[in-house]
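> Residue numbers (the numbering used here): 101 to 1130. Just so you know, even glycine gets a beta-carbon here, dropped at the ideal spot from N, CA and C. Model, not experiment: these values are computed from the prediction. Dropping the structure in here first, questions after.
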Amino acid sequence: MDQHARELIQNDLDTTYLVEAGAGTGKTTLLVARILNLIRSGRATLPQIVAITFTEKAAEELKTRIKKQLQQQLDSEKNASILQRIRNAYLDIEKSSINTIHGFCASILKQYAIEAGLSPEFSVADPGAFHKFTQQLWQRWLIEQVQQQNPCLYSLLLLGISFEKLEKIVQLLIHQRDMPHVAKVDADVAHFQQELARITHDLQTEQQYCTNKEDKGYVAIETLKDQHIFLRQQPLEQFAYYVAHGIEVKSGGNQKNWDPPQVLKEVKQQLKSLKTLSETTRAHHNHNLVCDTIAWLNKFFDTVKQQKQTQALVDFDDLLYYVKHLLQTNQEIRRQCQENFRYILVDEFQDTNDLQVEILFQLASQDEELHDWQQAQLIPGKLFMVGDPKQSIYRFRGADIEIYETVKEILGSQHCLFITRNFRSTHGIIHWCNQVFSRLIVKPEDGKYQPQYTALSPSREGAQIANPIILVSYDLGDERPIEQEAKCVAESIRQIIDEKWTISKDGREQIVSYKDIAVLFRRYTYVNLFEQVLSSSNIPYQVIGGKSSFNRIEVHSLLSLLKTLVNPDDKMSLIATLRSPIFCISDREILQYSQQGLNYLAKPQTSGRMAVAMTLLREFHLQLPQKSGYQWLQNLYQKTHILLTFASMQQGKHYVKTLQKILNFAKVTTLNSFIDWKNFILWLSELDSLDNESQVEEDAISIFSIHRSKGLEFPVVIIADVSANIRELPYIIHDKPTNSVAIRLQRGLLETQNYSIICEKEKNRLVAEEKRLLYVAATRARDYLLVPVSGKKQGFLHFLHQDISAAETNIHVDTFHSIVKDVTLTSMEPVKIKNLDPVSESKWFSHRQRFLSQKKSTPLLERTIDTRHYKGLQMAGEMRDLLCMIFANDDNAFLHEKLKSFYFIKSFHLEKILSHLQNLDERIKLSKKKYHNLPFTFRFEDYLVMGNIDIAFQENDGFVMMDCNLTKKHDDEHYLYLGTIYSFAVSQLLNCMLKEITFYFIEEDSSYHITNVDFENMNIILDDMAKKYS
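Next up, the structure:
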């Protein structure tokens, strides 16, 4: 069907083409073939050909495939002149310009640094390093602004804009350098103040004509009078603050209560006029405050620019801007570049933006001067682009599908080719995709933000699977939908393995193994929960990518340790290290020890765990310059028992695997010499994940984000997180078709006047991209595609609802209230918060990484309350593991064997727990709802509290709970306090009262019982616990 287009791609080398290649159509093979034919024909040598890819990994893969093809042609080519060209290309493979757009631009700037206005010694900061660079500058700059009592900053803080949100906005603005200026509008607050006084006075006069003081009109005037009395006492700056929030102006009334009745009409008219003026003044004032904020933050960007110049540093965005400016302003260098790079081939063209396209068109244009890339006259055949607009899913990184569609229009249909034969998926999957996405992906009338769907043609050879699309239904039940979905996915995987489903691999039928299955997520938010469910179902898995705290706690702990060892003055890292699982020292111990100075270089004056830890830190700091980096780090692992510590936790093998990879990395980079610890720590701090596609476990399912899975394929694909809502609108929206920008600092309060209009356009773009994201996920599947479905109609299920309703589900997972397997709902720490105190800004910075509060909280951390008794993460982790094993296995011999890998919990602990649980056995069996290792997080007034419920089960109209303790019993008041907290948590989490609690103390084999707990005195209890345990 598309054979003619494929032949043109390979052989028509003198025509410019934009190739639209669908998923699984072999576009990389065609790209390699065109490059080889350019070389064979003598049109260009390999160094004269530029091949742009989206990632460095893709560039390496393309280079490898070209090298392999060149090797094969060296062995088969008979023509002497062509053979010499192939041999030269093979020898030049490492000189080739096969790179990302940023790598390509960096190579140009290295050659013309002086002409571009850069230092010849400039270095390039990758996105992770640049983020760290700007983050450190921002923290220092913000402290200065707090100390200087910057009025703009304080206006924002008064309106509830947190430091965290400001930092997010800063990071967004850094990458919006071409953002148009937002002009201020007329907002005469003083005029509104005068009008408020005048109208209030007039209404007060007319109020005497009301005969009923309960009349709504009369009450409205009274309310306005009270506000005015308060507001007229405020200075203009403070008055503006209340204007920003809005002045309450109500209306109403009954003419029967007014004499004469027409007075009420005049009252309503004046109130309406005042309300309109209030809303207009508020909108204009807040618009201008946003403009002032951007102007204020621009001063920070000047600081960033100055620091980059001082350090001869450029970021990825700089690479593009400098090259664009160089090509626009220096015609001689542009001519040299055009001669050096005879042909330019671009892969994944749908993921480019206007800046990148302008650079490409500058190099491919035959115009002597080019001021508008859309007017360029391209050199025939010099530019070749391949992409799939249906797979444009990187808008959050700046990719602009509307640029793709614009280029398509400029080139015209004669220069656009379509590749549609899919060699990857079974015919059933292709037919389903065509049916679904021909309905979902449709070109809109109001823009270019969605392409028209082009159907794929099934071309996979071999036996076909009868039912490759599996709709897995599950009931929502009483648990959160995402929890039920996780269990549904685990049950489906178990069914696939147990029933020995078959797939076609290398032309032969094979039984599905774990490594053939991939679970794809829209985002990593809920991966932790799925990990727990998979683990409890004994399904091996590996997470590819992601930055969740669940699979990075070991990295953060090691990072803090290395930071404090390299820099003894880094007190924040020292405290984090002491509190980490490596040393597991409580805040109380740290506070007590700090009275003699928190300096590990000084000899400890006391004994105890703190002294041991500080002595060990001192020892390794002094050894730092004496051993090779690898030997030093290996010795650190041994002395701190870090592998043993993390091995004892839930998912310990994954933690240990990551730590071992870090050690191996140190071994590779040290080469028996000293590691550059600064760069090593920077690498570690920006580490996304040490797992990648090339490091696949022998037999385990793979968990990817859909974005990370792009370009890959799997025999069995399960799409997870299908009912999650579309991501929130960004703070900053640059509407490029109209070249206008809208900014929102706080929903419904601080935003530019045009935000509501532009955000509607942005919503359409986000919905369109969500449909393409679903397309990418579906087209990763080779043999089977599984989609969990429920009664919800949101997220992906909203798009698929029509198709699901018309289909029969192939698997049904029954609703069940089985035990929750240590589901981590949040990484939020329990904290006490209060209003911002500018004097304490340094304290805030020292704790900011630990503060993960909800949006409305203010950013000053005062103290921590931990309802888990400070006994350490190791003990808590082992207890969770033990409870999981007890409820999953009846074989006591198996349990005792497993305990050999535990560090704290021993066999006698297990026997005591099993004996105690026998007393509850019948009651638990009769319960329809039972849980263990159930985490909770709740907000109460100005506290955030996090904890974990060991065992809970429903009995009649309430819940019964048991809490297992390795520690000795405290005073009764302590457990009454904890019981109150647990009772409140159960009421919030399970919507039911907690009628009975048993605290079981394993070491003492004793219990403490509480019944009928209420939580009337929660605020007093939390205050007392804060004073006692902080």
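By the three-class DSSP mapping on this structure, what secondary structure does Asp670 have?
Correct three-state label for Asp670: coil.
> Are the Cβ atoms of Tyr884 and Val816 separated by less than 9 Å?
Cβ distance < 9 Å, so Tyr884 and Val816 count as in contact.
> Using the Cα positions of Gln760 and Lys405, report the straight-line distance between them to the nearest angstrom.
Rounded to whole angstroms, Gln760 to Lys405 spans 39 Å at the Cα level.
> Answer yes or no: do Lys1012 and Ile1110 have a C-beta to C-beta separation smaller than 9 Å?
Cβ atoms of Lys1012 and Ile1110: not closer than 9 Å.
> How many angstroms separate the CA atom of Ala566 from the CA atom of Ser637?
For Ala566 and Ser637, the distance between alpha carbons rounds to 28 Å.
> Where Ala123 and Thr200 are concerned, what is the direct C-alpha to C-alpha distance, given to the nearest angstrom?
So the two alpha carbons sit approximately 21 Å from each other.
> What are the start and end residues of the beta strand (DSSP E) that includes Pro815?
Where Pro815 is concerned, the enclosing beta strand (DSSP E) stretches over Phe814 to Ile819.
> Relative to the C-alpha of Thr311, which residue among Tyr504, Gly1058, Asn354 and Val627 is closest?
Closest by alpha carbon: Asn354.
> To test your reading of the DSSP string, which unbroken beta strand (DSSP E) runs of 3 or more residues are found completely within the region 1059 to 1107?
Qualifying beta strand (DSSP E) stretches, in chain order: 1093 to 1101.
> To which residues does DSSP link Trp358 through a beta bridge?
DSSP, once it has assigned bridges, lists Cys310 as partnering Trp358.
> I'd like the span of the beta strand (DSSP E) that includes Ser636, first residue to last.
Unbroken run through Ser636 is the alpha helix (DSSP H), Val627 to Ser636; no beta strand (DSSP E).
> The beta strand (DSSP E) spanning Arg844 covers which residue range?
It spans Ser840 to Gln846 - the beta strand (DSSP E) in which Arg844 sits, taken as one unbroken run.
> For the beta strand (DSSP E) containing Thr68, list its first residue and its last residue.
It is not possible to answer for residue 68, since the shown part of the chain is limited to 101 through 1130.
> What are the start and end residues of each continuous beta strand (DSSP E) run of 3 or more residues lying completely inside the region 359 to 444, in chain order?
The qualifying runs are 413 to 415.
> Does the Cβ-Cβ distance between His1032 and Asp1050 come in under 9 Å?
A contact, by the Cβ cut-off of 9 Å.
> Please classify Asp359: is it buried, with 16 or more other beta-carbons within 10 angstroms of its beta-carbon, or exposed?
Asp359 is exposed by the Cβ-count criterion.
> Check whether the region 402 to 421 and the region 218 to 235 are in contact - that is, three or more C-beta pairs closer than 8 Å.
Yes, the region 402 to 421 touches the region 218 to 235.
> Comparing alpha-carbon positions, which option in Ser559, Val889 and Ala586 lies nearest Met101?
Measuring from the Cα of Met101, the nearest candidate turns out to be Ser559.
> Pair every Cβ in the region 175 to 188 with every Cβ in the region 124 to 133, then say whether three or more of these pairs are closer than 8 Å.
Counting Cβ pairs under 8 Å, fewer than three are found: no touch.
> Under DSSP, the alpha helix (DSSP H) around Glu267 begins and ends at which residues?
Phe263 to Ile274 is the extent of the alpha helix (DSSP H) around Glu267.
> Let me know the secondary structure DSSP gives Phe518 once reduced to three states.
Looking at Phe518 - three-state DSSP - the assignment turns out to be strand.
> From Lys1069 to Ser802, what does the alpha carbon distance come to, in whole angstroms?
Going from the Cα of Lys1069 to the Cα of Ser802 covers about 44 Å.
> Enumerate in chain order the residues of its own chain whose CB-to-CB distance from Gln110 is below 8 Å, with the five nearest sequence positions on each side excluded.
Closer than 8 Å at Cβ, skipping near neighbours: Leu130, Ala133, Arg134 and Asn137.
> Do you know how far the Cα of Ala881 is from the Cα of Leu108?
Leu108 and Ala881: Cα-Cα distance of roughly 29 Å.
> For the region 480 to 550, list the alpha helix (DSSP H) runs that are entirely contained and at least 4 residues long, ordered along the chain.
501 to 511 and 527 to 540, all fully within the region 480 to 550.
> DSSP has Arg865 in a bridge; who is on the other side?
BP columns for Arg865 are empty, so no partner.
> Measure the alpha-carbon distance for Glu267 versus Thr758 and round it to whole angstroms.
Roughly 30 Å between the two C-alpha positions.
> Please list, in chain order, all residues of the same chain as Lys365 whose beta carbon is under 6 Å from its beta carbon, the five residues on each side excluded.
Nothing listed; no residue qualifies.
> Return yes when the Cβ of His384 is within less than 9 Å of the Cβ of Ala287, no when it is not.
Closer than 9 Å, so yes.
> For Ile653, I'd like the list of residues in its chain whose CB is within less than 6 Å of its CB, leaving aside the five on either flank, ordered along the chain.
The answer is none, since no qualifying residue turns up.
> Only counting the same chain, and skipping five residues up and downstream in sequence, which positions put a Cβ closer than 8 Å to that of Phe292?
Excluding positions up to five away in sequence, the list reads Val343, Leu377, Ser378 and Thr381.
> Go ahead and pull the three-state DSSP assignment for Ala144.
Ala144: coil per DSSP, three-state reduction.
> Starting from His834 and walking both ways along the beta strand (DSSP E), at which residues does that stretch end?
First-last of the beta strand (DSSP E) with His834: Ile832 to Asp835.
> Roughly how many whole angstroms lie between the Cα atoms of Gln723 and Leu716?
Approximately 11 Å, taken between the alpha carbons.
> Starting from Ser181 and walking both ways along the alpha helix (DSSP H), at which residues does that stretch end?
Its alpha helix (DSSP H) spans residues Ala180 to Leu191.
> If you follow the alpha helix (DSSP H) that Arg882 is in, where does it begin and where does it stop?
Not the alpha helix (DSSP H): Arg882 falls in the beta strand (DSSP E), residues Ala881 to Val889.
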